[in-house]
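Single-structure report; data block below.
Protein chains in written order, with my numbering: chain A, 140 to 336; chain B, 140 to 336.
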């Protein structure tokens with residue numbers, strides 16, 4: 140495999156790019172060496188060097204703790220639990236949430252053999268048990284695995300006495316947070332309700 | 140703009156990726172640092188360092204002349220003229236052509252101010268005038284600009300006495316080569332006909 144084919148094969152592994160669009164992307168990169176290829180190569184190097192997970196919340200950033208955890212104007216007493224960083228970004232784009240996040244890194248899944256210890260669930264429990272959190276908002280996706288995960292977290296947080304809420308109806312059932320418009324997400328955040336145990 | 144935002148902005152400039160898919164691609168890259176991000180950064184560096192245009196035909200390769208121009212089993216007497224490297228790749232995938240190529244790098248365009256000297260047309264004319272070419276197959280796209288370019292090349296090649304042919308009907312009018320199936324391209328190559336002056 141030569142350098143062009145290797146580049147195309149790697150680009151084709153990005154979500155959203157198939158073999159044909161990977162070929163077009165590779166050609167575009169080679170044609171725009173100074174304005175696209177070299178900047179992208181540098182940006183990837185920079186990303187590999189500087190981006191790390193936040194040891195507090197699981198978000199990714201170039202600093203640890205991340206800018207959200209380190210922001211004193213945000214309410215540390217309200218923690219929004221999301222599956223993935225993409226969901227955190229979707230909620231941040233609404234500007235409607237001024238608390239902090241906890242990124243699970245996935246959902247519980249019997250089929251894929253994902254248990255609580257494979258996600259950042261123990262860290263959430265420790266944080267809730269240590270005090271300082273008034274409310275945990277469960278913003279996992281409204282899929283079977285997302286809701287199973289939410290029920291599990293509601294269950295294990297019960298002894299801590301922390302209020303556990305979920306996003307309001309308004310998020311379509313079966314939908315994924317990252318694909319929703321900001322208005323629906325804002326409404327769902329504002330009308331959040333107590334979670335069913 | 141931080142490192143993550145810069146990476147997303149650059150990915151969004153690739154054809155086929157919008158802002159949302161660029162975000163997903165960036166997350167995927169950051170999550171798969173060792174298996175995707177670092178290999179892609181290396182592949183881009185390698186590409187920037189090694190890939191260059193072939194000084195004979197305008198194809199891109201890691202060697203100059205390119206592997207096609209350097210291949211002694213290919214017929215140097217038949218030259219297929221294409222707009223872009225993507226079109227060359229599309230024809231190569233059919234395996235139906237054993238001659239050489241000449242990549243123009245675009246089409247003549249009055250609106251965009253692209254004249255013959257902005258494309259690799261003078262190089263083609265010199266090559267044809269120098270002898271050794273029996274046939275030039277015009278495989279520009281069946282768009283207005285592609286056909287204008289084909290007519291122009293037919294016209295300027297006339298004094299050289301080189302036979303000028305075009306791809307057979309079978310290529311849909313208004314279509315682009317890179318989007319065609321291999322079977323249609325193979326049929327169009329086999330049934331090529333004399334170009335209309």
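Backbone N, C-alpha and C define an ideal beta-carbon position, used for all residues, glycine too.
query	result
Rounded to a whole number of angstroms, what is the C-alpha to C-alpha distance between residue 166 of chain A and residue 179 of chain B?	15 Å
Does residue 222 of chain A come within less than 9 Å of chain B when only Cβ atoms are used?	no
Can you tell me whether DSSP reads residue 208 of chain B as helix, strand or coil?	helix
Candidates A:151, A:292, A:286: which alpha carbon is nearest residue 218 of chain A's?	A:292
Under 8 Å: do the stretch 156-170 of chain A and the stretch 153-171 of chain B share three or more Cβ pairs, one atom per stretch?	yes
Which full runs of the alpha helix (DSSP H) of 4+ residues lie inside the stretch 230-256 of chain A, going along the chain?	none
Is the shortest distance between the beta-carbon of residue 159 of chain B and the beta-carbons of chain A less than 9 Å?	yes
Helix, strand or coil for residue 284 of chain A, going by three-state DSSP, please let me know.	helix
From residue 186 of chain B to residue 143 of chain A, what does the alpha carbon distance come to, in whole angstroms?	7 Å
When DSSP builds the beta bridges, which residues end up paired with residue 162 of chain A?	Looking at the DSSP assignment, residue 162 of chain A forms no beta bridge with any residue, so it has no partner.
Out of A:301, A:302, A:323, A:300, state which residue places its alpha-carbon closest to the alpha-carbon of residue 311 of chain A.	A:323
Considering only residues of the same chain and omitting the five flanking positions on each side of residue 285 of chain B, which have a CB-CB separation below 7 Å?	222, 246, 279
Of all the CB atoms in chain B, is at least one closer than 9 Å to the CB of residue 167 of chain A?	yes
Let me check one thing: in DSSP terms, what residues is residue 191 of chain B bridge-paired to?	B:200
Anything in the stretch 183-213 of chain A with a Cβ closer than 8 Å to a Cβ of chain B? List those residues in chain order, please.	183, 184, 185, 186, 187, 189, 190, 199, 200, 201
For residue 244 of chain A, which option in A:199, A:321, A:216 has the closest C-alpha, if you only look at C-alpha atoms?	A:199
Hey, how far is the Cα of residue 170 of chain B from the Cα of residue 227 of chain A?	15 Å
As a quick exercise: from B:301, B:315, B:175, pick the residue whose alpha carbon is nearest that of residue 281 of chain B.	B:315
What separation, rounded to the nearest whole angstrom, lies between the Cα atoms of residue 325 of chain A and residue 183 of chain B?	40 Å
Classify residue 232 of chain A: buried if its beta carbon has 16 or more other beta carbons within 10 angstroms, exposed otherwise.	exposed
What does residue 143 of chain B reach in chain A if we use C-beta pairs closer than 8 Å?	186, 190, 199, 200, 201
I believe residue 268 of chain A touches residue 299 of chain A by the beta-carbon criterion, under 8 Å. Please report the beta-carbon distance rounded to the nearest angstrom.	5 Å
If we ignore side chains and look at the alpha-carbon of each, how far apart do residue 328 of chain B and residue 229 of chain A end up?	50 Å
Thinking residue 317 of chain B and residue 225 of chain B are a contact (beta carbons under 8 Å), I'd like their distance in whole angstroms, please.	4 Å
Apply the 10 Å Cβ neighbour rule to residue 272 of chain B and answer buried if 16 or more other Cβ atoms are within range, or exposed otherwise.	buried
Express the C-alpha separation of residue 192 of chain B and residue 202 of chain B in angstroms, rounding to a whole number.	9 Å
Report the rounded CA-to-CA distance for residue 254 of chain A versus residue 335 of chain A, giving the unit in angstroms.	21 Å
Quick check: what's the CA-CA separation for residue 148 of chain B versus residue 250 of chain A?	36 Å
Since residue 323 of chain A is in the alpha helix (DSSP H), which residue starts that stretch and which ends it?	321-329
DSSP three-state call for residue 340 of chain B: helix, strand or coil?	Coverage of chain B is limited to positions 140 through 336, which leaves residue 340 of chain B absent and any answer about it impossible.
To the nearest angstrom, report how far apart residue 188 of chain A and residue 241 of chain B are at their CA atoms.	42 Å
Quick one: list the residues of chain A neighbouring residue 155 of chain B, beta-carbon separation under 9 Å, in chain order.	155, 156, 157, 159, 160, 161, 163, 164
Answer with yes or no whether the minimum CB distance from residue 177 of chain B to chain A is below 9 Å.	yes
Please list, in chain order, the residues of the stretch 266-285 of chain A that have any C-beta partner in chain B closer than 7 Å.	none
Here's the rule: buried if 16 or more other CB atoms are within 10 angstroms of the residue's CB, otherwise exposed. What is residue 197 of chain B?	buried
On the premise that residue 295 of chain A lies in contact with residue 220 of chain A, defined as a C-beta separation below 8 Å, what is that separation, rounded to the nearest angstrom?	Going by Cβ atoms, the distance from residue 220 of chain A to residue 295 of chain A rounds to 12 Å, so no, they are not a contact pair.
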